[in-house]
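Protein chains in written order, with my numbering: chain A, 105 to 277; chain B, 273 to 881. Note that beta-carbon positions come from the ideal geometry of N, C-alpha and C, so glycine has one too.
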């Protein structure tokens, strides 16, 4: 792992007794803050050299060498249909396992690890965010900010990507 | 204890499956050759070993079926009854039943097949064959068993003492204390059956050697070694690279010379290691071919066609993954040849061909490729019918069909949902089939070609790389991107002047030694951006041969030849992207390996896509 992120602990909110606590990793894309379940995240890397894959969907940035394994890297900006942006030194590759496939996701920056009670997560409002609601699991309302919780499995699980999984499983078996 | 039992059962299943696999083709050989004592003995021994082992483990249905089959074989061997087709059918049915029973044991689904009907069938078949002696049937069967046991025992006496254990096999359950000896006793005859018949002393010697010479190893362990060998190859490449660079800077330095010498040695050893590991995974293709005689016989009988099957090169060794994946495609091709290709005898005679149809299956090594061919002398593929069918099914348009080459039309049969026979048969007309051939072969990085001539026959040729893990690749540069191209498909590399490239009706072409070949630009094909035209007046050309297609690809730079380890990329549709996989070079960067077969398909668009 290139960098260690200090666990923020329960700094944001006091643990309410009976509720489930969610542990999340938060990151930014543009001006908005997103979060994924910490257990999904294997590691967070600085940008490294990415080999472009010809004729691949445009959100597939390419492939990288992860300690001898070759894994695909997806630009979350492109996947969500956000405007393109040059990756600067804040950009990170988050390595996650999504429906059995290890892949890297490029985000603008990684912020922190957050613990929040499940109770403050609300279902996604239909039109409130800049990304399609199919990827959104819910919205966490904190005192001064909103965090969009992503459903990572849906990221790969839809239409054209179903093929992707199929091929991956074929390759696996 | 439970684990131990599991292990014993697994061992039994593996051996039983191997036994059946071995004796299955013998039946067919027996049917064609007629009475042959050696063959009968071999089958007999197989059945006997199986029965013994099953009895010890208490798999009664297997014992019953095997016992009756054994009795029939015994009588045939001793010349008491004739081997007739109905008798053979029953025996083959028994073999199938045994296979089914064993598969249930393997998956531990606890399903109990009802074999009573089959047992009755076996009994009545034997009865019919031995009419006249029907009354004595039971006695003879028993006597036969006893006699056989004695014979077997005397044979084995020289080898092992616990021979008298054999007759008690069926009562083994009550003899738990003897269990270990039994297990040993069951194993030994199995080894013995593999060794060719020889006199007792020789057999003993070779048997002992066999026990030492063969090890059953978990495939995952071999694969692990294979992976590690792959990593060593990468490290070696990197070392060679460093050594040669050092040599340039500090030539003459004794330390550097030492390093060069050592890396050269490492180079040799690594190559040998790679080969040795590869060989560990190699198995004779007999494992796949073995089931075809039976299959062809059954199909021919069902369809009422008369077919001769010839098999060559069954000891050609191929990678384990090839053994696992090539079976289905070959079955489809052979079924197709029998069902659609070969004509009925009267039809053949009318055409002036011999009444018996002929199918030749062969395997051989050609350079770094393994070639498997299925040749039939049937009616060939009717291109017009194929074309019409493809149009009817909306696979191609009328317009497209006019522009298509013969080769392209033939390849239409590989499209999903294509079936040419008007009436579907249960054998090959299910709409699946030939597309399976293509996908499975592509999975093995190979390709299929079809050569067909009306009324002369068809040849299906499958070409596969020798190994799947390591590839001889040509490293090329396009713009700033580096790619690897499988060396086996690069016929030659040349440097040409740009003015040599001609344009014919929008297609760039190049004349190489009086042959006009289509030329494509790699940068365009791969969608490489930011290619700077340096104003060079020359370019590099790779002449590619994919199947029987030949074409040129222009690249910016040739880096050189390298041995690369193929890594699959999960999560990328490699077929869509036209890549075979990736490899990691000495400096840790990822280089993609281009799948030329897919690329060629894309370039000759309209032909098969």
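Check: Who are the Cβ neighbours of residue 255(A) in its own chain at under 7 Å, not counting the five residues just before and after it?
Finding: Walking along the first chain from the start, residue 255(A) turns up at place 151. For residue 255(A), where only same-chain residues beyond five positions count, the Cβ hits under 7 Å are 239, 240 and 241.
Check: Mind pulling the chain B residues with CB within less than 7 Å of residue 176(A)?
Finding: Taking the first residue of the first chain as 1, we reach residue 176(A) at position 72. Correct list: 841, 843 and 844.
Notebook entry, point to check: For residue 590(B), does the count of other Cβ atoms within 10 angstroms reach 16, so buried, or fall short, so exposed?
Noted result: By one-based count along the second chain, residue 590(B) stands at place 318. Residue burial is scored here from C-beta neighbours: residue 590(B) has at least 16 other C-beta atoms within 10 angstroms and is therefore classed as buried.
Next item on the list: Could you name the residues of chain A that residue 824(B) contacts, counting a contact when the two beta carbons are closer than 9 Å?
Entry: As a first step, residue 824(B) must be located in the second chain, where it is residue number 552. Correct list: empty, because the minimum Cβ distance to chain A is about 19 Å.
Margin query: Please report the straight-line C-alpha distance between residue 336(B) and residue 597(B), rounded to a whole angstrom.
Written below: For the purposes of this step, residue 336(B) is taken as the residue at position 64 of the second chain. For the purposes of this step, residue 597(B) is taken as the residue at position 325 of the second chain. Taking the straight line from one Cα to the other gives about 34 Å.
Next item on the list: Decide yes or no for the touch test of the region 745-756 of chain B against the region 790-798 of chain B: beta carbon pairs closer than 8 Å, at least 3 of them.
Entry: Under the 8 Å Cβ criterion, the region 745-756 of chain B counts as touching the region 790-798 of chain B, having at least three qualifying pairs.
Check: How would you label residue 621(B), buried or exposed, when you count the other beta carbons within 10 angstroms and need 16 or more for buried?
Finding: In the second chain, the residue the question calls residue 621(B) occupies position 349. Burial call: exposed.
Checklist line | Start and end residues, beta strand (DSSP E) containing residue 720(B) | finding: Walking along the second chain from the start, residue 720(B) turns up at place 448. Its beta strand (DSSP E) spans residues 719-725.
Check: Using DSSP with H/G/I as helix, E/B as strand and the rest coil, what is residue 574(B)?
Finding: Counting from 1 along the second chain, the entry for residue 574(B) is found at position 302. Here residue 574(B) sits in helix by DSSP.
Next item on the list: Find out if the Cβ-Cβ distance for the pair residue 401(B), residue 359(B) is shorter than 7 Å.
Entry: Residue mapping note: residue 401(B) aligns to position 129 of the second chain, counting from 1. Residue mapping note: residue 359(B) aligns to position 87 of the second chain, counting from 1. Yes. Within cutoff.
Next item on the list: Could you tell me the distance, in whole angstroms, from the CA atom of residue 513(B) to the CA atom of residue 169(A)?
Entry: Start at 1 with the first residue of the second chain, and residue 513(B) comes out as number 241. Start at 1 with the first residue of the first chain, and residue 169(A) comes out as number 65. So the alpha carbons of these two residues sit roughly 20 Å apart.
Checklist line | Secondary structure of residue 711(B), DSSP reduced to three states | finding: Position 439 of the second chain, counting from 1, holds the residue named residue 711(B). Under the three-state reduction of DSSP, residue 711(B) is assigned to helix.
Notebook entry, point to check: What are the boundary residues of the alpha helix (DSSP H) that residue 541(B) is part of?
Noted result: Residue numbering aside, residue 541(B) sits at position 269 when the second chain is read from its first letter. The continuous alpha helix (DSSP H) containing residue 541(B) extends over residues 526-552.
Note to self: For the pair the region 862-869 of chain B and the region 166-182 of chain A, tell me if three or more CB-CB distances fall below 8 Å.
What the structure shows: Touching, per the Cβ criterion.
Next item on the list: State the CB to CB distance for the pair residue 875(B) and residue 823(B), rounded to an integer number of angstroms; the pair is presumed to be in contact (CB under 8 Å).
Entry: One-based indexing of the second chain puts residue 875(B) at position 603. One-based indexing of the second chain puts residue 823(B) at position 551. Distance from residue 875(B) to residue 823(B) at the Cβ level is roughly 7 Å; contact confirmed, criterion being Cβ atoms closer than 8 Å.
Notebook entry, point to check: For residue 710(B), which option in 726(B), 723(B) and 734(B) has the closest C-alpha, if you only look at C-alpha atoms?
Noted result: Taking the first residue of the second chain as 1, we reach residue 710(B) at position 438. Selected option, being the one with the closest Cα: 734(B).
Item checked: Rounded C-alpha distance that separates residue 153(A) from residue 838(B) -> Taking the first chain and counting its residues from 1, the one referred to as residue 153(A) is at position 49. Taking the second chain and counting its residues from 1, the one referred to as residue 838(B) is at position 566. For residue 153(A) and residue 838(B), the distance between alpha carbons rounds to 19 Å.
Checklist line | Segments assigned alpha helix (DSSP H), at least 4 residues, entirely inside the region 718-803 of chain B | finding: If we require 4 residues or more, the alpha helix (DSSP H) runs fully inside the region 718-803 of chain B come out as 794-798.
Next item on the list: May I ask you to report which of helix, strand or coil DSSP gives residue 276(B)?
Entry: Counting from one through the second chain, the residue named residue 276(B) turns up at place 4. Annotated three-state conformation of residue 276(B) is helix, per DSSP.
Next item on the list: Could you please give me the residues that DSSP links to residue 155(A) through a beta bridge?
Entry: On the first chain, residue 155(A) is found 51 positions in, with the first residue counted as 1. Per DSSP, 167(A).
Check: Is there contact here, the region 322-340 of chain B with the region 278-286 of chain B, by at least three beta-carbon pairs under 8 Å?
Finding: With the cut-off at 8 Å, the region 322-340 of chain B and the region 278-286 of chain B touch.
Item checked: Closer than 7 Å to chain A by CB, residue 860(B) -> Counting from one through the second chain, the residue named residue 860(B) turns up at place 588. Closer than 7 Å: yes.
Margin query: Along the chain, where does the beta strand (DSSP E) containing residue 646(B) start, and where does it finish?
Written below: By 1-based counting over the second chain, the position of residue 646(B) is 374. Under the DSSP assignment, residue 646(B) falls in the beta strand (DSSP E) whose first and last residues are 641-648.
Notebook entry, point to check: If we cut at 7 Å on Cβ distances, does residue 207(A) have a partner in chain B?
Noted result: Your numbering for residue 207(A) matches position 103 in the first chain. Residue 207(A) belongs to the set of residues whose beta carbon lies under 7 Å from a beta carbon in chain B.
Note to self: If contact is defined by three or more beta carbon pairs under 8 Å, each pair taking one atom from either stretch, is the region 629-641 of chain B in contact with the region 562-581 of chain B?
What the structure shows: Between the region 562-581 of chain B and the region 629-641 of chain B there are three or more inter-stretch CB-CB distances shorter than 8 Å, so the stretches are counted as touching.
Notebook entry, point to check: Got a sec: which bits of the region 155-171 of chain A sit with their beta carbon under 9 Å from any beta carbon on chain B, in order along the chain?
Noted result: For the region 155-171 of chain A, the beta-carbon criterion of a distance under 9 Å to any beta-carbon of chain B is satisfied by 155, 156, 157, 158, 159, 160, 161, 164, 166, 167, 168 and 169.
Item checked: Runs of alpha helix (DSSP H) lying entirely within the region 176-235 of chain A, each at least 4 residues, in chain order -> Within the region 176-235 of chain A, the complete alpha helix (DSSP H) runs of at least 4 residues are 180-183.
Margin query: Is it the case that the region 839-858 of chain B contacts the region 517-526 of chain B, given that we only count it when at least three CB pairs across the two stretches are under 8 Å?
Written below: No: fewer than three Cβ pairs fall under 8 Å.
Notebook entry, point to check: Can residue 565(B) and residue 587(B) be called in contact, C-beta distance under 7 Å?
Noted result: Start at 1 with the first residue of the second chain, and residue 565(B) comes out as number 293. Start at 1 with the first residue of the second chain, and residue 587(B) comes out as number 315. No. Outside cutoff.
Checklist line | Chain-order list of residues whose beta-carbon lies under 7 Å from that of residue 518(B) (same chain, five-residue window excluded) | finding: Here the question's residue 518(B) lines up with position 246 in the second chain. Within the same chain, residue 518(B) has close Cβ partners 528 and 531.
Item checked: Sequence-distant residues of the same chain with beta carbon closer than 7 Å to residue 779(B), five excluded per side -> In the second chain, residue 779(B) corresponds to position 507, counting from 1. So the list reads 790, once near-sequence residues are dropped.
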